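What follows is a set of notes on a single structure, which appears directly below.
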Amino acid sequence: HRVTGMPFSQADLEELMLLGEHVAVTLENQQLYEKVAVQKALADTVFDSMPVGIVAVGADCRLRWLNTAAQEILEVDTEEVVKQPAAILSSRLADMLTQRISGVDPEEPLEWEEPRTKRPLSVLTRKLEADSKCIGALAIVRDRTQERQLREKEEEVERASFWTELAAAMSHEVRNPLVAISTFAQLLPERYADPDFREKFSELVSSEIGRLNGMVD
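Just add 91 to wherever you are in the sequence shown, counting from 1, and you've got our numbering.
Dropping the structure here:
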């Protein structure tokens, strides 16, 4: 009954039932929206906190989303490139994503130095599917700059160590004949009259100078 005491008619009850259904659908949609919003916020937080770049494209290989790391590595702004062909980031990256979408499994990871950014990259791709249908692809992009710099430093240290060892070995090899020549040269004034000594001195000097010339060559 109404507050006034009058009973509800059948039409009134049907309208109330319809209104109740609308309210229920609205509440359900609101709960679903809040759930999706929370999931999206969580996903964005997780992806943006990753140290690797994540690039998502649709089945048409147009950009849908990039995380913060991908923007830094590829030196782009999401708002400027979203909905653009993936080739705007990198032609090689676009080729990998296109192959993955078409069902081709490229040999991965692939590594190259991107001409536009001069950064060494390592890239993996994965197909995105829903209900057994391809809806796009994902690229995982790693910046190898720090690793390359570390490798270059290690090679530099190895080269420095090599030259240090080589210099020490050369110094030792040069010192030996010089010591022999110096010793005989010091004795020469005293033993110059000795023909055997002069002969030995001549042979030794010629031999040791030959060793020095061999090392220089």
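Think of the CB as a built atom: it goes at the ideal place given N, C-alpha and C, for glycine as much as any other residue.
This one's a predicted model, so the numbers in the text were calculated from it and none came from an experiment.
Using a Cβ-Cβ cut-off of 8 Å (strictly less than) and excluding sequence neighbours within five positions of residue i, which residues of its own chain qualify?
i	result
Arg207	Glu166, Ser181
Leu77	The structure shown has nothing for residue 77, since the chain only spans 92 to 308.
Trp203	Arg183, Pro211, Leu212
Pro98	His92
Ile192	Val148, Ala150, Cys152, Lys218, Cys225, Gly227, Ala228
Pro176	Cys152, Arg153, Leu154, Ala185
With a threshold of 6 Å on Cβ separation, who are the neighbours of residue i within its own chain once the five nearest residues in sequence on each side are excluded?
i	result
Arg302	Pro268
Val146	Leu157, Ala161, Ala230
Glu199	Leu215
Ala316	Residue 316 is absent from the model: the chain starts at 92 and stops at 308.
Please work out which residues of its chain come closer than 7 Å, Cβ to Cβ, to residue i, disregarding the five sequence neighbours upstream and downstream, and give them in chain order.
i	result
Thr189	Cys152
Glu299	Pro268, Ala271, Ile272
Met141	Asn158, Ala160
Quick check: the Cα distance between residue i and residue j, rounded to an integer number of angstroms?
i	j	result
Ala125	Val195	According to the sequence shown, residue 125 is Glu rather than Ala. Approximately 38 Å between the Cα atoms of the pair.
Glu247	Thr216	34 Å
Ala259	Arg239	30 Å
Glu290	Glu281	15 Å
Leu279	Arg242	55 Å
Glu205	Val172	17 Å
Asp139	Glu249	38 Å
Asp285	Met261	34 Å
Asp222	Gly144	26 Å
Asp103	His113	15 Å
Ala266	Lys244	According to the sequence provided, residue 266 is Arg. The question's Ala does not apply to it. Roughly 33 Å between the two C-alpha positions.
Val307	Phe292	22 Å
Val94	Lys174	58 Å
Can you tell which of the options has the C-alpha that lies nearest to the C-alpha of residue i?
i	options	result
Asp234	Ala284, Leu212, Leu107	Leu212
Lys224	Gly111, Glu119, Lys174, Gly149	Gly149
Pro197	Glu205, Gln277, Glu204, Leu184	Leu184
Val232	Gln175, Met187, Val129, Ser262	Met187
Glu163	Leu110, Val265, Thr236, Glu245	Thr236
Give a yes or no on whether 8 Å exceeds the smallest Cβ distance from residue i to chain D.
i	result
Ala284	Within the model displayed, chain D is absent; a lone protein chain is all it includes.
Could you tell me how far apart the beta carbons of residue i and residue j are, in whole angstroms, since I believe they sit closer than 8 Å?
i	j	result
Leu295	Phe275	6 Å
### Message
Could you tell me which whole alpha helix (DSSP H) segments of length 4 or greater appear in the region 108 to 195?
### Response
As far as the region 108 to 195 is concerned, its whole alpha helix (DSSP H) runs of at least 4 residues are 159 to 165, 169 to 172, 182 to 192.
### Query
Hey, which unbroken runs of the beta strand (DSSP E) at 3 residues or more fall wholly within the region 211 to 262?
224 to 234
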